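> Sharing a structure with you now.
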Amino acid sequence: MAQQAQGVASAAHSSRSLQQPSIKQHFTVVRPARYTKALQGLEQALETRPSEETEADDPSHLEVTLMPHQKQALAWMLWREAQESPCGGILADEPGLGQNETVISLVIKAVAARKAQKGTETPLSSREMNEAFIRSTCTLVICPASLIDRWVKKVERCCMPGQLHIHSYHGPNRERHPEELAKYDMVFTSYNLIRSDLLEDDKEPVKNDEASTGSKNQPALLRVFWDRIILDEADNIKNHKSQTAIAICRLRARARWAVTGYLIQNSTMDMFSLIRFLKFTPFDEYEVWKSEVENAGSTKSETLQKLVKSLVLRRTKDQQTSSGNPIVSLPEKEKKTHLISLSDEERKIYDQFLQQSRSTSNKTNILVILLRLRQCCCHLSLLKELPDQESCEMDGIELDLVRQMKEMGLGDMTLYPPSFLSTKIKFVINLLEKIRAAGPADRPEKSVLVSQWTGMLDVVEHHLKEAGFKCWSIDGDVSPNERDEALKDFNYNPRGRQIMLVSLRTGGATLNLSGGNHLFFLDMHWNPALEDQACDRIYRIGQTRKVHIHKFICSDTIEYRISELQKKKKKLANDVLTGSQERLSGADLDFLFGVQ
Numbered sequence: 001m002a003q004q005a006q007g008v009a010s011a012a013h014s015s016r017s018l019q020q021p022s023i024k025q026h027f028t029v030v031r032p033a034r035y036t037k038a039l040q041g042l043e044q045a046l047e048t049r050p051s052e053e054t055e056a057d058d059p060s061h062l063e064v065t066l067m068p069h070q071k072q073a074l075a076w077m078l079w080r081e082a083q084e085s086p087c088g089g090i091l092a093d094e095p096g097l098g099q100n101e102t103v104i105s106l107v108i109k110a111v112a113a114r115k116a117q118k119g120t121e122t123p124l125s126s127r128e129m130n131e132a133f134i135r136s137t138c139t140l141v142i143c144p145a146s147l148i149d150r151w152v153k154k155v156e157r158c159c160m161p162g163q164l165h166i167h168s169y170h171g172p173n174r175e176r177h178p179e180e181l182a183k184y185d186m187v188f189t190s191y192n193l194i195r196s197d198l199l200e201d202d203k204e205p206v207k208n209d210e211a212s213t214g215s216k217n218q219p220a221l222l223r224v225f226w227d228r229i230i231l232d233e234a235d236n237i238k239n240h241k242s243q244t245a246i247a248i249c250r251l252r253a254r255a256r257w258a259v260t261g262y263l264i265q266n267s268t269m270d271m272f273s274l275i276r277f278l279k280f281t282p283f284d285e286y287e288v289w290k291s292e293v294e295n296a297g298s299t300k301s302e303t304l305q306k307l308v309k310s311l312v313l314r315r316t317k318d319q320q321t322s323s324g325n326p327i328v329s330l331p332e333k334e335k336k337t338h339l340i341s342l343s344d345e346e347r348k349i350y351d352q353f354l355q356q357s358r359s360t361s362n363k364t365n366i367l368v369i370l371l372r373l374r375q376c377c378c379h380l381s382l383l384k385e386l387p388d389q390e391s392c393e394m395d396g397i398e399l400d401l402v403r404q405m406k407e408m409g410l411g412d413m414t415l416y417p418p419s420f421l422s423t424k425i426k427f428v429i430n431l432l433e434k435i436r437a438a439g440p441a442d443r444p445e446k447s448v449l450v451s452q453w454t455g456m457l458d459v460v461e462h463h464l465k466e467a468g469f470k471c472w473s474i475d476g477d478v479s480p481n482e483r484d485e486a487l488k489d490f491n492y493n494p495r496g497r498q499i500m501l502v503s504l505r506t507g508g509a510t511l512n513l514s515g516g517n518h519l520f521f522l523d524m525h526w527n528p529a530l531e532d533q534a535c536d537r538i539y540r541i542g543q544t545r546k547v548h549i550h551k552f553i554c555s556d557t558i559e560y561r562i563s564e565l566q567k568k569k570k571k572l573a574n575d576v577l578t579g580s581q582e583r584l585s586g587a588d589l590d591f592l593f594g595v596q
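Each residue of the sequence shown is one higher than the last, beginning at 1 in full-length UniProt numbering.
This is the structure:
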């Protein structure tokens, strides 16, 4: 393997080595040694890995009782923190298995152990001391801003009063003195705030993750040497080139954890960003990852398997223990795909856009046409509206471009009002009426309707009200208080509103929607991880009813091709985890439009 790695490394740097022979010698000799040593270190560490059935004891100050699979995860995390390279790992359990309780238990155990061994802290290295860090025993949790309050409430619910000293580093009143931040047990902040706080002078983006830290002029978060950093919803940094990912990698800590239910969405480069965050040398270097993992041919699978086996813990809701019992007891889940035929007028407009897609080769134009084709399958009124910023980002389309192309291809086309009853909406409402009629009056079944377009949700809400349904709606503009009121009514009030409308992005943002047991996907997105996130909002611990997942595909349209593309991307993720990005690649576009 070392010889093969050496050959790849040499080829990858051949152009640079013609001008710098010393660099060639460095990479052809030193890099393979580092590469081999790192993998050998993982293999040696596996000899002490706890078995899948090994359970850690509940922390003494925990107010809740951990389930067996959570105790097993805690044992695994304690083992990973006993390793040096890297110290930490990736908790990639399927969402809805109670990862937060496991993480909180890890912190409680660490705090208790520190108090018991006060005065025996591991000293910083000379390099760390020279950089003037403020040594801390605090855990920094980074999550989406909408989840900070939920994390705080979770800690207060799980931990005995007074055991953890916590702080929300968010908003205008956040603590800005690193000496004070370092005194807490847990500090919670957001990805957006990390990015904005760690920008250099004049708001210019940081150039790399090796910028000097520890200076008294640096932001407070950079001044602290954290005991551990935990990334919740770590797929937020799957793009290793993003300013958020670069900024987070500048933070220093003893241990690092990435918590995500969606390790691979499109390619193994998603995983590289997390490995870089973990600082697992040399695989945290882009050139090494590309040559030894991404483009390594037959050795790629072997290397990935070693990385996953050593650094990743992944359990799913349907997984069984060695005794044949499920790791968590959940009701049955049924997935059903409903095939729908467009009406003649819908088909005519759809075909017009399809014809345009065949007459352009510009990728950006094709993306806009693809957007319009998908909207045709849902409701024709969407064609005259500009999509919101969120859905454009999900599709990889610049909103300014959509504005410029708003009238593209419309010509003399009839513009339909929201009151027009599309084929898909008519089908959905008929299905909802059947669910309402079949359910018990004192405890009716509730439904969650998901769309990537807020405009579609608005149109659906109009028709639901016309049909006598009362519903809640949650999108990115809803205030925290309004969201909490809607969730409380939907989840705990049997006589409350029976339908929840959520945007695809919001529906995946760790909402608990277990009060519903029907999930409707009103439109198709090529990133299956986004749909999986929405499914996990209702199929989770606390669900007591059989769960029904409804997908609607218009026959002989782009929706069928998107469904097939989803299967390809899911297979990639499963292959990596068993031994997508949101933007479409050129190959993906060819597949969607049937180009061979």
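Using N, Cα and C, we set each Cβ at its ideal position, and we do this for glycine too. Since the model is a prediction, treat every value here as computed from it, not as a measurement.
Would you kindly work out how many angstroms separate the C-alpha atoms of ASP449 and ARG252, rounded to a whole number?
Residue 449 is actually Leu in this sequence, not Asp. Rounded to the nearest angstrom, the two C-alpha atoms are 42 Å apart.
> Alpha carbon to alpha carbon, what distance is there between LEU339 and MET186?
49 Å
> Please list, in chain order, all residues of the same chain as ALA73 whose beta carbon is under 8 Å from its beta carbon, the five residues on each side excluded.
LEU91, ASP93, GLN99, THR102, LEU313 and ARG315
> Going by the beta-carbon positions, is the gap between ILE148 and SER190 smaller than 8 Å?
yes
> In this structure, how does DSSP classify ALA182 when only helix, strand and coil are distinguished?
coil
> Report the three-state DSSP secondary structure of TRP453 (helix, strand or coil).
coil
> Can we say the region 228-237 touches the region 163-181, given the rule of at least three CB pairs closer than 8 Å?
no
> In terms of residues, what are the limits of the alpha helix (DSSP H) holding VAL478?
Going by DSSP, VAL478 is part of no alpha helix (DSSP H) at all; its letter is neither H nor E.
> Locate the beta strand (DSSP E) running through VAL328, then write down its first and last residues.
Segment: none, VAL328 is in no beta strand (DSSP E) and carries neither H nor E.
> Can you tell me where the alpha helix (DSSP H) with LYS348 in it begins and where it stops?
For LYS348, the uninterrupted alpha helix (DSSP H) segment begins and ends at 344-357.
> Just to confirm my understanding: we take MET160, look at its own chain, exclude 5 residues before and 5 after, and list those with CB closer than 7 Å. What are they?
HIS61 and GLU63
> Under three-state DSSP, which class holds LYS546?
In the structure shown, the three-state DSSP call for LYS546 is coil.
> Which class does GLY89 belong to by DSSP, given the choice of helix, strand or coil?
Strand.
> GLU461 to PHE469, Cα distance in whole Å?
Taking the straight line from one Cα to the other gives about 9 Å.
> What would DSSP say about PHE188, mapped onto helix, strand or coil?
strand
> Output yes or no for whether 8 Å exceeds the beta carbon distance between GLU334 and LYS546.
yes
> DSSP three-state call for THR48: helix, strand or coil?
coil
> For ALA82, report the span of its alpha helix (DSSP H) as first-last.
Neither: ALA82 is in no alpha helix (DSSP H) and is coded neither H nor E.
> Quick one: what does DSSP say SER503 is sitting in, helix, strand or coil?
strand
> Can you have a look at VAL440 and say buried or exposed, based on whether 16 or more other CB atoms are within 10 angstroms of its CB?
Position check: residue 440 holds Pro in this sequence, whereas Val was assumed. With fewer than 16 other Cβ atoms within 10 Å, it is exposed.
> Please classify ARG80 as buried or exposed, where buried requires at least 16 other C-beta atoms within 10 Å of its C-beta.
Buried.
> Per DSSP, what are the beta-bridge partners of VAL224 in this structure?
ILE134
> From SER357, LEU367, ASN365 and PHE353, pick the residue whose C-alpha is nearest to that of LEU380; which is it?
PHE353
> Does LEU42 come out as helix, strand or coil in the three-state DSSP assignment?
helix
> By a C-beta neighbour count over all protein chains shown, 10 Å radius and 16 as the cutoff for buried, is ASN46 buried or exposed?
For the record, residue 46 in the displayed sequence is Leu; it is not Asn. Its Cβ having fewer than 16 others within 10 Å, LEU46 is exposed.
> CYS535 lies in the alpha helix (DSSP H); which residues open and close that run?
Here the alpha helix (DSSP H) through CYS535 covers 528-535.
> Where do the N-terminal and C-terminal ends of the alpha helix (DSSP H) with ARG176 fall, by residue?
From DSSP, ARG176 is part of no alpha helix (DSSP H); its letter is neither H nor E.
> Check whether the Cβ atoms of LYS424 and PHE490 sit closer than 8 Å, and answer yes or no.
no
> Run the CB neighbour count on PRO59, radius 10 Å, all protein chains shown included, and call it buried at 16 or more, exposed below.
PRO59 sits buried, since 16 or more C-beta atoms from the chains shown fall within 10 Å of its C-beta.
> Among LYS290, ASP477 and SER329, which residue has its Cα nearest to the Cα of ARG505?
ASP477
> Give the single residue among ARG497, MET524, VAL155 and TRP76 whose Cα lies nearest to the Cα of LYS567.
Residue MET524 holds the alpha-carbon nearest to the alpha-carbon of LYS567 among ARG497, MET524, VAL155 and TRP76.
> If you run the structure through DSSP and keep just helix, strand and coil, what is ARG497?
ARG497 carries a coil assignment under DSSP once its states are collapsed to helix, strand and coil.
> In whole angstroms, give me the CA-to-CA distance for ALA247 and LYS241.
Taken atom to atom, the span from the alpha-carbon of ALA247 to that of LYS241 is near 10 Å.
> Apart from the five residues just before and just after GLY515, which ones in its own chain have a Cβ nearer than 7 Å to its Cβ?
LYS446, PHE490, ASN491 and TYR492
> Going by C-alpha distance, which of ASP556, CYS554, LYS37 and GLU559 is nearest THR281?
LYS37
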